[in-house]
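Per our numbering, the sequence shown starts with residue 345, numbered consecutively. All residues carry an ideal CB built from backbone N, CA and C; glycine is no exception. One structure is given here, and the rest of the page talks about it.
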Amino acid sequence: MKKYIAEIIGTMVLVFMGCGSAMVLGCDPDGGHLAVAFAFGLSIVAMAYVIGNVSGCHINPAVSLGALLDKRISIGEFCGYVVAQIIGAVIGAAKLFAIVKITGITDITGGYGSNGLAGVNGSIFGGLAVEIILTFIFVLVILGVTADKSKGSVAGIVIGLSLVFVHIVGIPLTGTSVNPARSIGPALFAGGQSLIDLWVFIVGPFVGAALAALVYQIFKCKCGKDESAKEETATEEGE
């Protein structure tokens, strides 16, 4: 139960800080764009060192799918993670909704930081392509850096910075999801087109994560063969 509570808190923080920064800073190329990218990335860094040893700090259904396909978690755990992440995202978005309604501040995004297809001229295929590619990169990095326990102390930083650089490219295009839960939360409160396009930001990240897990399996297979070859060579030299 602790790991699911941790995922709720972690995803809530990611949505509140990341989407909240988008609401007040927008996609301004003179600084807002980069600041939003870092808000998402730093949220991951912070949460990785708080809940990483509890749940692994997935806070993203796509990451959990990658972990499932790499046989790091069971199907039951995967379902629990996804439910917890969606709950956390909804709580985070609800807080942003409440702040806007209570304070009357202007939400630059017009949808509580929800994702959209305006940056790809409304193209569904364009949006899917962007989300698949960006999620593939992000999840591949996560699978690689978390596989080596010796990199545990820097894994959170590497993953956070990876989220920053995919946001730098993705923000002007789709707002960058790479995380179905992060998209679901704000879309539920934004409604309208955000809700209509939501499936793109669920399917795209899941496909990207599956592809990343597949490629990582190929990498692992090759590395395993290389290690076996080295061990055989060392044994022969010892004889």
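Cβ-Cβ distance between residue i and residue j below 8 Å
{"i": "Gly410", "j": "Phe384", "result": "no"}
{"i": "Ala366", "j": "Val357", "result": "no"}
{"i": "Val544", "j": "Leu478", "result": "no"}
{"i": "Tyr425", "j": "Glu475", "result": "no"}
{"i": "Ser458", "j": "Pro549", "result": "no"}
{"i": "Ile395", "j": "Ile431", "result": "no"}
{"i": "Gly589", "j": "Ser538", "result": "In the structure as shown, the chain starts at 345 and stops at 583, and residue 589 therefore has no counterpart that could be examined."}
{"i": "Ala433", "j": "Ile546", "result": "no"}
{"i": "Val464", "j": "Leu517", "result": "yes"}
{"i": "Val513", "j": "Phe382", "result": "no"}
Distance between residue j and residue i (C-alpha atoms, nearest Å)
{"i": "Ile452", "j": "Cys401", "result": "29 Å"}
{"i": "Lys493", "j": "His511", "result": "27 Å"}
{"i": "Gly470", "j": "Lys347", "result": "35 Å"}
{"i": "Phe482", "j": "Gly519", "result": "15 Å"}
{"i": "Ser525", "j": "Leu558", "result": "Looking at the sequence provided, one finds Ala at residue 525 rather than Ser. Distance between the alpha carbons of Ala525 and Leu558: 22 Å."}
{"i": "Ala491", "j": "Ile446", "result": "45 Å"}
{"i": "Tyr560", "j": "Ile403", "result": "20 Å"}
{"i": "Thr450", "j": "Val368", "result": "7 Å"}
{"i": "Ala406", "j": "Ala437", "result": "19 Å"}
{"i": "Ala554", "j": "Ile443", "result": "36 Å"}
{"i": "Leu413", "j": "Gly420", "result": "13 Å"}
{"i": "Ser418", "j": "Val359", "result": "26 Å"}
{"i": "Lys495", "j": "Val489", "result": "7 Å"}
{"i": "Ala499", "j": "Ile540", "result": "35 Å"}
{"i": "Thr579", "j": "Ile486", "result": "Since pLDDT at Thr579 reaches only 44, below the 50 mark, its modelled position is unreliable, and the value read off the structure follows with that caveat. Whole-angstrom Cα-Cα distance: 33 Å."}
{"i": "Gly466", "j": "Val427", "result": "29 Å"}
{"i": "Cys565", "j": "Asn523", "result": "27 Å"}
{"i": "Leu386", "j": "Gly448", "result": "27 Å"}
{"i": "Asn397", "j": "Ser497", "result": "11 Å"}
{"i": "Leu472", "j": "Gln429", "result": "22 Å"}
{"i": "Thr355", "j": "Lys415", "result": "22 Å"}
{"i": "Ile503", "j": "Met345", "result": "25 Å"}
{"i": "Leu378", "j": "Ser506", "result": "13 Å"}
{"i": "Ile349", "j": "Ile435", "result": "13 Å"}
Segment limits, alpha helix (DSSP H) that includes residue i
{"i": "Pro405", "result": "405-413"}
{"i": "Gly470", "result": "468-491"}
{"i": "Thr518", "result": "Looking at the DSSP string, Thr518 is not in any alpha helix (DSSP H), and its letter there is neither H nor E."}
{"i": "Thr447", "result": "419-447"}
{"i": "Ala525", "result": "524-534"}
{"i": "Ile395", "result": "376-399"}
Assumed close pair residue i, residue j - CB separation to whole angstroms, cut-off 8 Å
{"i": "Val389", "j": "Ile515", "result": "Not a contact, Cβ separation roughly 18 Å."}
{"i": "Phe422", "j": "Ser399", "result": "In fact, because the Cβ distance is near 12 Å, the residues do not count as touching under 8 Å."}
{"i": "Ala392", "j": "Leu484", "result": "Rounded, the Cβ-Cβ distance is 17 Å, inconsistent with contact."}
{"i": "Phe563", "j": "Phe441", "result": "That belief does not hold up - the Cβ atoms of Phe563 and Phe441 are roughly 42 Å apart, past 8 Å."}
{"i": "Leu480", "j": "Gly535", "result": "The question names Leu, but residue 480 is Phe in the sequence shown. In fact, because the Cβ distance is near 30 Å, the residues do not count as touching under 8 Å."}
{"i": "Gly364", "j": "Gly370", "result": "That pair is no contact at about 12 Å."}
Where residue i falls: helix, strand or coil (DSSP)
{"i": "Thr579", "result": "With a pLDDT of 44 at Thr579, under the threshold of 50, the predicted position of this residue should be treated as unreliable, though the coordinate-derived value follows. In the structure shown, Thr579 sits in a helix (DSSP, three-state: H, G or I)."}
{"i": "Met356", "result": "helix"}
{"i": "Ile503", "result": "helix"}
{"i": "Phe563", "result": "helix"}
{"i": "Val511", "result": "Residue identity check: residue 511 is His in the sequence provided, not Val. Three-state result, His511: helix."}
Distance cut-off 7 Å: residue i Cβ against heavy atoms of the ligand GDP
{"i": "Val474", "result": "This structure does not include the ligand GDP; it has no bound ligands of any sort."}
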